[in-house]
Amino acid sequence: MANPLKCDLCTKPATVHLTQIVNNKVHKVDLCEECAQAKGVTDPSGFSLADLLLKASLNPEPAAAGVRCEQCGFTQNDFKKQGRFGCPACYDTFSAIIEPMLDTMHKGTAHTGKVPQKALARKSLYDRLTKLETDLTEAIKSERYEDAARTRDEINQVKHTFGQKPPR
Amino acid sequence: MTISSLIDTPSELTDAASSKTAIVLMTRVRLARNLTGNSFPGWAKPAQREEVLAICREAVAASAPMKRSLSINIDELTDLEKQILVERHLISRELSGAKSGAGVVISRDQAFSVMINEEDHLRIQVLRSGFQLKKTWTAINELDTALEDRLDYAFSPTLGYLTACPTNLGTGMRASAMMHLPALVIASQMEKVVRAVNQLGMVVRGLFGEGSDASGSIFQISNQTTLGESEEGIIKRLGSVLNSIIEHELNARQKLLEADANKIFDKIGRAFGILQNGHVLSSSEAMNLLSLIRLGVDLGVFPDANRCVIDRLLIEAQPGHLQHAQRGEFEPGQRDLLRAMRLRGEFANFTKPNFTLSSDGPN
């Protein structure tokens, strides 16, 4: 690495480097002397790396702290206060702080259980319909009437697949 | 169905209690689900909450298990009604404290309940008496699949079902069993059990979940993590942990009997005496006494058929149920008198303890 390591909690150069192995996973933390003192790293018995990792991931670089969820307006500061997210889209917005948390929080980091097949199938049809409708508008605007006719047929087909249920 | 008729209807918990495995009182599975494109309840504006509530209430009430169910907004319930639902484990304390834009749908037999706008848009729950993890999972899985027909769940292929709190990501499932572990408590082994269970990725809590005490030696054991393991995997692992706790409890009972049977029988006999004759009983003391009588049933001091009476009383001795039965609201001091009176009545005609019947009983 070209730059000297920075402290995970503030931005000063890190002088204390710590490695802990939990459940066969290696966790590394780099701290400056002051943060190391403050977190009790010098006293190994009273110190949990898991706690620190979680906190480190909640105190990211100042540049990332201004991120706001486009869908619901939630910020990282809100998460610090509440410990819960604002909406499902927050998991995309804040993936950088969520990923390191999951490692210590769960058994794995990838879902292996039930999948809502019906809801997903409905969503993919709906997404396709939205795209086709955009295509249709484009085609009409640029006077490609053959394309427009074909797109309209496809739209009717997709709508037919929805059956009685109107798309939401 | 109305709330008052629901309260007076026999419930899965109080009347179907056929606990064949005496140690597990009930099994519960809950799933956390959210609607895509909507803020989670804790962050949503009041109008959004109302909208989600209306959509969910309609979808849930239309599902097969919810025929002739109770579907109600939380602000339509009195404090006492909410307390009764909490005591029956049909709503959480958190939901009972919600001001507006929250609701619940409860099936007639009170085995299914769906909380709306608690921490997540939907908290689906199925509850069965006894040790029935697989059956409970099958039932809740079916209800969840049926709801999927009408509701667009927030789901990510990598993170699974998306929940307000990242600790519920993935399956969004918490499976739990309520266990009666008096011998492990008497033998001061619970701390050791809690530590061992934690190491296996399971959590031990008191009767009413997080932060509640374990009066009556009743504990809730559930999975801690939800991501990285399938529902069936979690159920299977929890099942084997529960079986090993059952084994430890049975061993502890055997050891207590071998070491000093009189000590145990003395506890049971005294509990019986107080229940028959006491005049002031707090909720927690009543729980502890009933717990000892239940242990007595398991040891053969009382007939097996009395176990379901105790299981019913464990719920009816609680403040909400007690006040409902007396048709009024009472101060805690008055409640303790009423509770003792109620239990005196129940135990006046209770089968007398028979200490000689038990295999290792005193001479």
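Protein chains in written order, with this note's numbering: chain A, 595 to 762; chain B, 5 to 367.
Where a beta carbon is used, it is the ideal one built from N, C-alpha and C, also for glycine.
Around the Cβ of N266 (chain B), are there at least 16 other Cβ atoms within 10 angstroms (buried) or fewer (exposed)? As a position in the second sequence, residue 266 (chain B) is number 262, starting the count at 1. N266 (chain B) comes out exposed.
Out of curiosity, what's the CA-to-CA distance linking D73 (chain B) and Q711 (chain A)? Working through the second sequence from its first residue, we reach residue 73 (chain B) at position 69. Working through the first sequence from its first residue, we reach residue 711 (chain A) at position 117. Residue identity differs from the one stated: residue 73 (chain B) is Ser in this sequence, not Asp. The straight-line gap from Cα to Cα measures roughly 27 Å.
Endpoints, the beta strand (DSSP E) within which G300 (chain B) is located: Residue 300 (chain B) sits at position 296 when you count from the first residue of the second sequence. Counting along the chain, G300 (chain B) falls outside any beta strand (DSSP E), though it belongs to the alpha helix (DSSP H) covering 287-303.
In whole angstroms, what separates the C-alpha of N358 (chain B) from that of D315 (chain B)? For the purposes of this step, residue 358 (chain B) is taken as the residue at position 354 of the second sequence. For the purposes of this step, residue 315 (chain B) is taken as the residue at position 311 of the second sequence. For N358 (chain B) and D315 (chain B), the distance between alpha carbons rounds to 20 Å.
Counting C-beta neighbours from all protein chains within 10 Å, is the total for P69 (chain B) 16 or more, i.e. buried, or is it exposed? For the purposes of this step, residue 69 (chain B) is taken as the residue at position 65 of the second sequence. It counts as buried.
Please decide whether P161 (chain B) counts as near chain A, where near means a Cβ-Cβ distance under 9 Å. As a first step, residue 161 (chain B) is located in the second sequence; it is residue number 157 there, counting from the start. True, the Cβ-Cβ gap to chain A drops below 9 Å.
Mind reading off the beta-carbon distance from N121 (chain B) to G105 (chain B)? Whole number of angstroms is fine, and I expect it under 8 Å. Position 117 of the second sequence, counted from the first residue, corresponds to residue 121 (chain B). Position 101 of the second sequence, counted from the first residue, corresponds to residue 105 (chain B). That belief holds up - the Cβ atoms of N121 (chain B) and G105 (chain B) are roughly 6 Å apart, short of 8 Å.
May I ask you to list, following chain order, the residues of the stretch 130-146 of chain B that have a beta carbon less than 8 Å from some beta carbon of chain A? N145
How many angstroms separate the CA atom of E85 (chain B) from the CA atom of V623 (chain A)? As a first step, residue 85 (chain B) must be located in the second sequence, where it is residue number 81. As a first step, residue 623 (chain A) must be located in the first sequence, where it is residue number 29. Cα to Cα, the separation comes out at about 51 Å.
If you check the beta carbons only, do L89 (chain B) and V108 (chain B) fall under 9 Å apart? For the purposes of this step, residue 89 (chain B) is taken as the residue at position 85 of the second sequence. For the purposes of this step, residue 108 (chain B) is taken as the residue at position 104 of the second sequence. Taking 9 Å as the Cβ cut-off, L89 (chain B) and V108 (chain B) qualify as a contacting pair.
So N38 (chain B) contacts chain A; which residues on that side make the cut at Cβ distance below 9 Å? By 1-based counting over the second sequence, the position of residue 38 (chain B) is 34. Per Cβ cutoff of 9 Å: C681, P682.
Taking the DSSP output, what are the residues bridged to M30 (chain B)? Mapped onto the second sequence, residue 30 (chain B) falls at position 26. According to DSSP, residue pairing for M30 (chain B) in a beta bridge involves B:S133, B:M182.
In terms of residues, what are the limits of the beta strand (DSSP E) holding V208 (chain B)? Residue 208 (chain B) sits at position 204 when you count from the first residue of the second sequence. Start and end: 206-209.
Could you check whether the stretch 158-174 of chain B touches the stretch 700-716 of chain A, counting it as contact only if at least three pairs of C-beta atoms, one from each stretch, sit closer than 8 Å? Contact check between the stretch 158-174 of chain B and the stretch 700-716 of chain A: three or more CB pairs, one atom from each, fall below 8 Å, which counts as touching.
For R662 (chain A), which residues from the same chain have a beta carbon less than 6 Å from its beta carbon, with the 5 sequence-adjacent residues on both sides left out? Here residue 662 (chain A) refers to the residue found at position 68 when the first sequence is read from its first residue. For R662 (chain A), where only same-chain residues beyond five positions count, the Cβ hits under 6 Å are T669.
Restricting to Cα atoms, I'd like to know which of B:A352, B:R257, B:E335, B:Q327 is closest to F276 (chain B). Translated into the one-based positions of the second sequence, residue 276 (chain B) becomes position 272. Here the closest residue by C-alpha is B:A352.
Look at the alpha carbon of E368 (chain B) and the alpha carbon of S244 (chain B), and state the distance between them as a whole number of angstroms. The structure shown does not extend to residue 368 (chain B), since chain B spans only 5 to 367, so no value can be given for it.
Going along chain B, which residues have a C-beta under 8 Å from R716 (chain A)? To locate residue 716 (chain A), count along the first sequence from 1; it is residue 122. By Cβ distance, chain B contributes D156.
In angstroms with no decimal places, state the Cα-to-Cα distance between V33 (chain B) and S234 (chain B). Sequence index remark: in the second sequence, residue 33 (chain B) carries index 29 (1-based). Sequence index remark: in the second sequence, residue 234 (chain B) carries index 230 (1-based). In a straight line, the C-alpha of V33 (chain B) is about 14 Å away from that of S234 (chain B).
Bridge partners of P307 (chain B), per DSSP? One-based indexing of the second sequence puts residue 307 (chain B) at position 303. In DSSP, P307 (chain B) forms no bridge with anything.
With a threshold of 6 Å on Cβ separation, who are the neighbours of D79 (chain B) within its own chain once the five nearest residues in sequence on each side are excluded? For this step, residue 79 (chain B) is matched to residue 75 along the second sequence. The residues are S104.
At a CB-CB cut-off below 7 Å, which residues of chain A make contact with L166 (chain B)? In the second sequence, counting from the first residue as 1, residue 166 (chain B) sits at position 162. What L166 (chain B) touches in chain A: P682, Y685.
Straight-line CA distance for K675 (chain A) to K606 (chain A)? Within the first sequence, residue 675 (chain A) is the residue found at index 81, counting from 1. Within the first sequence, residue 606 (chain A) is the residue found at index 12, counting from 1. C-alpha separation (whole angstroms): 25 Å.
Please list, in chain order, all residues of the same chain as L342 (chain B) whose beta carbon is under 7 Å from its beta carbon, the five residues on each side excluded. By one-based count along the second sequence, residue 342 (chain B) stands at place 338. L326, Q330, F334, listed in sequence order.
Other residues of its chain near S221 (chain B): CB distance less than 7 Å, five sequence neighbours each side excluded: Position 217 of the second sequence, counted from the first residue, corresponds to residue 221 (chain B). Result list for S221 (chain B): H184, L185, P186, V189, S295, in chain order.
For G680 (chain A), the first and last residue of its enclosing beta strand (DSSP E): Position 86 of the first sequence, counted from the first residue, corresponds to residue 680 (chain A). Unbroken run through G680 (chain A): none, as it is neither H nor E.
For P726 (chain A), collect the residues of the same chain with a Cβ closer than 6 Å to its Cβ; drop the 5 residues on either side in sequence, then sort them by chain order. Residue numbering aside, residue 726 (chain A) sits at position 132 when the first sequence is read from its first letter. Reading off the sequence shown, one finds Leu at residue 726 (chain A), where the question assumed Pro. Apart from the 5 residues on each side of it in sequence, L726 (chain A) sits with its Cβ closer than 6 Å to the Cβ of T745, E748, I749 in its chain, given in chain order.
Look at the Cβ atom of V56 (chain B), then the Cβ atom of A48 (chain B), and state whether they are nearer than 9 Å. For the purposes of this step, residue 56 (chain B) is identified with residue 52 of the second sequence, where counting begins at 1. For the purposes of this step, residue 48 (chain B) is identified with residue 44 of the second sequence, where counting begins at 1. Yes, Cβ-Cβ distance for V56 (chain B) and A48 (chain B) is below 9 Å.
What are the start and end residues of the alpha helix (DSSP H) that includes N77 (chain B)? For this step, residue 77 (chain B) is matched to residue 73 along the second sequence. Note, N77 (chain B): premise wrong, no alpha helix (DSSP H); beta strand (DSSP E) at 74-77.
Residues near V197 (chain B) by beta carbon distance below 8 Å, same chain, minus five either side: Position 193 of the second sequence, counted from the start, is the residue given in the question as residue 197 (chain B). Closer than 8 Å at Cβ, skipping near neighbours: L185, L188, V208, I249, H252.
Suppose you measure from the CA of I734 (chain A) to the CA of A742 (chain A); what does that come to, to the nearest Å? Taking the first residue of the first sequence as 1, we reach residue 734 (chain A) at position 140. Taking the first residue of the first sequence as 1, we reach residue 742 (chain A) at position 148. Taking the Cα positions, I734 (chain A) is about 6 Å away from A742 (chain A).
Proximity of A321 (chain B) and H283 (chain B) at Cβ, strictly below 9 Å: In the second sequence, the residue the question calls residue 321 (chain B) occupies position 317. In the second sequence, the residue the question calls residue 283 (chain B) occupies position 279. Their beta carbons are not under 9 Å apart, which means A321 (chain B) does not touch H283 (chain B) by this criterion.
CB-CB under 8 Å to A657 (chain A), same chain, minus the five flanking residues each way: which ones, in chain order? The residue labelled residue 657 (chain A) in the question sits at position 63 within the first sequence. With a pLDDT of only 45 at A657 (chain A), under 50, the local geometry of the prediction cannot be trusted, and the value read off the model is given with reservation. Counting only Cβ-Cβ distances below 8 Å, and skipping sequence neighbours, we find nothing.
Please confirm if L231 (chain B) has its CB atom under 9 Å from at least one CB of chain A. Within the second sequence, the letter at position 227 stands for residue 231 (chain B). So, interface residue.
Pick out the complete alpha helix (DSSP H) segments inside the stretch 699-747 of chain A, 4 residues or longer, and give them in chain order. 711-735
Let's test the definition: count the other Cβ atoms within 10 Å of the Cβ of H611 (chain A) and tell me whether it reaches 16, buried, or not, exposed. Within the first sequence, residue 611 (chain A) is the residue found at index 17, counting from 1. Burial call: exposed.
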